[in-house]
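Note sheet for the following structure.
Number of protein chains: 2
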Amino acid sequence: MRIALAEKKLDFEQRIEKVWERRTEFLALNPAGDVPVLVEADGTTLANSQVICEYLEEVYPEINLLGFDPAQRAETRRLVSWFDVKFNREVTDNLVGEKLMKRFLKLGEPHGPSIRAGHANIHYHLDYIGFLTEKRRWLAGENFSLADVAAASHLSAIDYIGDVPWDEHQAAREWYARVKSRPSFQPLLEDRIPGFTPVGHYENVDF
Amino acid sequence: MRIALAEKKLDFEQRIEKVWERRTEFLALNPAGDVPVLVEADGTTLANSQVICEYLEEVYPEINLLGFDPAQRAETRRLVSWFDVKFNREVTDNLVGEKLMKRFLKLGEPHGPSIRAGHANIHYHLDYIGFLTEKRRWLAGENFSLADVAAASHLSAIDYIGDVPWDEHQAAREWYARVKSRPSFQPLLEDRIPGFTPVGHYENVDF
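Below, the structure is given as structure tokens:
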């Protein structure tokens, strides 16, 4: 959401929500109890990153992150779902979920088979990024889109713990370096999780 | 998808895809390998139910299933995601996934704790449907929408195996009876899974 808002040049103030505390006031804003939630100046409240992104495209269309015709928008949405659902389940949950979030939230020991599955699965997704960017400038087509935002956000979390095998996937690395050099991406590279030091190249555009 | 297409009065031909066979020709249409996939007359191919629904709303806007302003569309999308992601994970996967799909696909024994979780979780979702329809004619507002389609589709699968506790949730039952009586819903009530007889009231609008 941060990257999408910055790309669209929309000002916003960030608030941290510890969703695991399940605060009553927060559940009133979003009964699903998860983040992100966006509150507009007029009080309009939106939850769910895909819902918020669709809303922002409709209300602030000046900078377009979705595409200029129905088929292009479908391709962007397909890839957003690919990374937010499929990649998240097959890779992010298995690596960041097991190694970082479980320890951070004191939920027990990392699950070895899940971590091995994450390490195995990430390769075909990086190959897929390479396949797409061989034919296109950005993941969904000629323009930078929400597909790049979704994919790069997931990869940045995995890169933080040093688990992206960039050496074996040059095309994906080249695409990620281009995303990483965008001003919208800088705040994310400055994030630090208490108790976890990121991998040495985390902030470097040349890595 | 069948209900949404019928509501929009769009003709279509259905094809069965046994996704677990992972046919090469099908993976070429949709690399994610899942259903639904929509192929337009001109060859345009779309995958993922939410992506297809957004596309249909854009290209065939005559009958609107999403809403007439950005906030209304956000509310519809929020609830579609609620049922397709949250309800699916907390209820459908635990009941239909364990009891029906595992046996149908010969994937092993049903997992007792998952089934118990599904039976426990369904109550708060049925309460939520009751809460929404107390304030609104349909789930997302005054008009029948994709939110009703998503919720009723999940519930119909669970109702097939007799696992919806309708007696304890009158408001949800009244809403579901109204969905069930729509012509778009009839083909779904005629579905039969080989080897599984549906619960006695499955087809009845009065149940």
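From first to last, the protein sequence lines stand for chains A and B. The numbers in UniProt numbering rise by one with no breaks, and the one at position 187 of the first sequence is 187. The numbers in UniProt numbering rise by one with no breaks, and the one at position 81 of the second sequence is 81. Glycine included, every Cβ here is placed at the ideal spot set by N, Cα and C. If you're wondering where the values come from, they're calculated on a predicted model, not measured in any experiment.
Over what stretch of residues does the alpha helix (DSSP H) that includes residue i continue unbroken?
| i | result |
| --- | --- |
| residue 59 of chain B | 49 to 59 |
| residue 124 of chain A | 112 to 135 |
| residue 159 of chain A | 146 to 160 |
| residue 3 of chain A | 2 to 7 |
| residue 188 of chain B | 186 to 189 |
| residue 98 of chain A | Neither: residue 98 of chain A is in no alpha helix (DSSP H) and is coded neither H nor E. |
| residue 14 of chain B | Unbroken run through residue 14 of chain B: none, as it is neither H nor E. |
| residue 27 of chain B | 24 to 29 |
| residue 76 of chain A | 70 to 81 |
| residue 180 of chain B | 170 to 180 |
Take residue i as the anchor and find which of the options has the nearest alpha-carbon.
| i | options | result |
| --- | --- | --- |
| residue 161 of chain A | A:131, A:143, A:196 | A:196 |
| residue 133 of chain A | A:23, A:151, A:105 | A:151 |
| residue 33 of chain B | A:119, A:78, A:199, A:194 | A:78 |
| residue 51 of chain B | B:182, B:185, B:84 | B:84 |
| residue 75 of chain A | A:145, A:178, A:194 | A:145 |
| residue 56 of chain B | A:49, A:53, A:70 | A:70 |
| residue 126 of chain B | B:6, B:154, B:142 | B:154 |
| residue 7 of chain A | A:183, A:140, A:112 | A:183 |
| residue 193 of chain B | B:94, B:99, B:1 | B:99 |
| residue 167 of chain B | B:16, B:25, B:130, B:139 | B:130 |
| residue 138 of chain B | B:1, B:44, B:80 | B:80 |
| residue 15 of chain A | A:5, A:24, A:37, A:188 | A:37 |
| residue 95 of chain A | A:118, A:102, A:113 | A:118 |
| residue 177 of chain B | B:203, B:114, B:73, B:187 | B:203 |
| residue 173 of chain A | A:12, A:207, A:187 | A:207 |
According to the neighbour-count rule (16 or more other Cβ atoms, all chains shown, within 10 Å of its Cβ), is residue i buried or exposed?
| i | result |
| --- | --- |
| residue 63 of chain A | exposed |
| residue 97 of chain B | buried |
| residue 91 of chain B | buried |
| residue 200 of chain A | exposed |
| residue 181 of chain B | exposed |
| residue 87 of chain B | buried |
| residue 175 of chain B | buried |
| residue 22 of chain A | exposed |
| residue 39 of chain B | exposed |
| residue 48 of chain A | buried |
| residue 9 of chain B | exposed |
| residue 208 of chain A | Given a span of 1 to 207 for chain A in the structure shown, any question on residue 208 of chain A remains unanswerable. |
| residue 122 of chain A | buried |
| residue 20 of chain A | exposed |
| residue 54 of chain B | buried |
| residue 107 of chain B | exposed |
| residue 68 of chain B | exposed |
| residue 124 of chain A | exposed |
| residue 135 of chain B | exposed |
| residue 169 of chain A | buried |
| residue 30 of chain A | buried |
| residue 4 of chain B | buried |
| residue 27 of chain A | exposed |
| residue 148 of chain A | buried |
| residue 105 of chain B | exposed |
| residue 208 of chain B | Given a span of 1 to 207 for chain B in the structure shown, any question on residue 208 of chain B remains unanswerable. |
Closer than 8 angstroms, CB to CB, is residue i near chain B or not?
| i | result |
| --- | --- |
| residue 194 of chain A | no |
| residue 142 of chain A | no |
| residue 147 of chain A | no |
| residue 58 of chain A | yes |
| residue 51 of chain A | yes |
| residue 181 of chain A | no |
| residue 77 of chain A | yes |
| residue 184 of chain A | no |
Identify the continuous beta strand (DSSP E) that holds residue i and give its terminal residues.
| i | result |
| --- | --- |
| residue 37 of chain B | 37 to 39 |
Should residue i be flagged as near chain A, meaning a C-beta pair shorter than 8 angstroms?
| i | result |
| --- | --- |
| residue 92 of chain B | no |
| residue 54 of chain B | yes |
| residue 47 of chain B | yes |
| residue 72 of chain B | no |
| residue 133 of chain B | no |
| residue 81 of chain B | yes |
| residue 44 of chain B | yes |
| residue 99 of chain B | no |
Next on the checklist: Closer than 7 angstroms between beta carbons: that is the criterion. Which residues of the segment 101 to 114 of chain A meet it against chain B?
Outcome noted: none
Checklist entry - What are the residues of the segment 7 to 32 of chain A that lie near chain B, defined by any Cβ-Cβ distance shorter than 8 angstroms? => result 31, 32
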